[in-house]
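For reference, the structure discussed in these notes is given below.
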Amino acid sequence: MLKRTRLSLLLCGMAFSAMLVTAGPAAADPTPRPTGGVEDCGLDICVGAGTGTGTGGGGGGGGTSGGSTGGSSDKSTTCEIGGQEVPCQHAMWGTFSGGCYYKLADPQPDASSDYWGGHKPGDGAIYMKSCPPASIANGDAGPIIQGLVWLAESPGGQVDPAVLAQQAMDKMTLRGPDIGMAPQPGSTGVVGMPVWMWTEVAADTWGPNTASASVPGLTVTATARAKNIVWHMGDGTSVTCTSAGTPYQKTYGKKKSPDCGHTYRTTSARQNGQKFTITATTTWNVHWEGGGQSGDLTTTRSSGTTARIGEVQVVGD
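Quick note, the working numbering runs 2 ahead of the 1-based positions in the sequence shown.
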C-alpha cells in the first residue's frame, strides 16, 4: 500500500500561486498525461504509478566565482495547469508531467519497501509525486497532495542532459590557481628583473576534474580542464598564460620564464602596503557528454597574492 502524505494549509498554496505568477518558458517538450497507470491527481489523493511520456527540460547555466556559461535547448515550450503556465522544472518539486510534479526520492527506499511494488532497485525508481489542484491556477490556496510512486523511467521522458551537466559541474571542486611566484611573496623583487608565475597542478587547480550526474536511464559525465590563467599584475598590465607555468629553480638564474612571466617597470612603493596586488583568474572549460549529446560549459575561479618590487640603488665612488 502506497503511503500518502498530504500537505495542506495556506503556505503550500501561496508558494505555488507565486510560482504561477513568475513562471516562464522552459526548455521542455509538451507534457501529455502520463500513461501506464498514472492517474490524474484529485483534491484528496494521488493514485497509481507508471511511465510518463514527453520530455522534461531545463537549461544549463549558473555558476560561481565569476559565473559559468553554457548552451541550452532551442526548444521553447510551456507547461500548464488549469490553463495557467507553470514551470516545467521546479527546484523543490521536480519535473512537471500530466498535471503533477515528480522528483527523484533521495535516498531511494530500501529494496524491501512496499513502494517498489515488486520491482527491484535499478528497475525504474521511486519519485515523490506532488499534485497541485487545477483550481490553484485561479489563486486558490488549495492543498498539494504528495506521495511516493514507482516509475519505470524519468517522468516526462528524458531529462535534458544539459541540466545534468550543470549538476555534474556543481559537484566538482574547482579552484583558482595555487599560486607560485619568484620572487616569493614576502621577498622583494627588482624593477626590470623577470618575475615567474605558476600554479601547482592538481585536479582542482588545473584539471582534469571529472564528475557525473544521473537520473534513471541517463548519465552525464563532465570533465573540467583549465583553459588559461589571466594574471592581473597590479601595475595596470595583465598576462595570459595558456599553461600552468614553470616553477622557478635557482639554476635558472636571471632567465625569463619560458611560458608565464612578467617584468615590472616601476616599483610598488606607491601602492597600498607598498605591494602590487595580484589577481590570477583561471578559466575552466567543462566538456560534457551523455544521452547522445555533448556540450561545453565555462566557469572561472580566482586567487590572489602580492609582490613587493624595489629598485637597485647604485652607490657612486
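Positions of the beta carbon are idealized from the N, C-alpha and C atoms, including for glycine.
For clarity, every value in this text was computed on a predicted model and none was experimentally measured.
Rounded straight-line distance, which links the Cα of Trp152 to that of Gly124
The alpha-carbon of Gly124 is positioned some 11 Å away from that of Trp152.
Backbone CA spacing between Thr285 and Asp298 [nearest angstrom]:
Near 13 Å, if we compare the C-alpha coordinates of Asp298 and Thr285.
Pop quiz: Tyr129 and Ala107 are said to be a contact at Cβ under 8 Å. What is the actual Cβ separation, rounded to whole angstroms?
6 Å
Endpoints, alpha helix (DSSP H) assigned at Asp112
Segment: none, Asp112 is in no alpha helix (DSSP H) and carries neither H nor E.
Nearest residue (CA-CA) to Tyr266, options Trp95, Gly149, Trp198:
Trp198
Outcome for Arg227 when other beta-carbon atoms lying within 10 angstroms are tallied against a minimum of 16
exposed
Quick one: grab the DSSP three-state call for Tyr129.
Strand, per DSSP.
Extent of the continuous beta strand (DSSP E) run through Met183:
181-184
Can the beta-carbon of Pro179 be found less than 8 Å from the beta-carbon of Ser305?
In contact: Pro179 and Ser305 (Cβ atoms closer than 8 Å).
Using 8 Å as the threshold, is the stretch 166-183 in touch with the stretch 205-222, meaning 3 or more CB pairs across them?
yes
Compute the Euclidean distance between the alpha carbons of Glu155 and Glu291, then round it to the nearest angstrom.
20 Å
Leaving out the 5 sequence neighbours to the left and right, which residues in its chain are closer than 8 Å to Ala282 when beta-carbon positions are compared?
Gly178, Pro179, Ile181, Met199, Thr201, Ile231, Val232, Trp233, His234, Ser304, Ser305, Gly306, Thr307
Just grab the DSSP bridge partners of Arg227 for me.
Asn287
Residues sharing a beta bridge with Leu166, DSSP:
For Leu166, which the question treats as bridged, DSSP gives no partner whatsoever.
Is the distance from the Cβ of Thr269 to the Cβ of Gly312 below 8 Å?
Yes, they are a contact pair.
Looking at the secondary structure, which residues open and close the beta strand (DSSP E) in which Gly101 lies?
Run containing Gly101: none; DSSP gives neither H nor E here.
Where the beta strand (DSSP E) containing Met199 begins and where it ends
Per DSSP, Met199 belongs to the beta strand (DSSP E) from 196-201.
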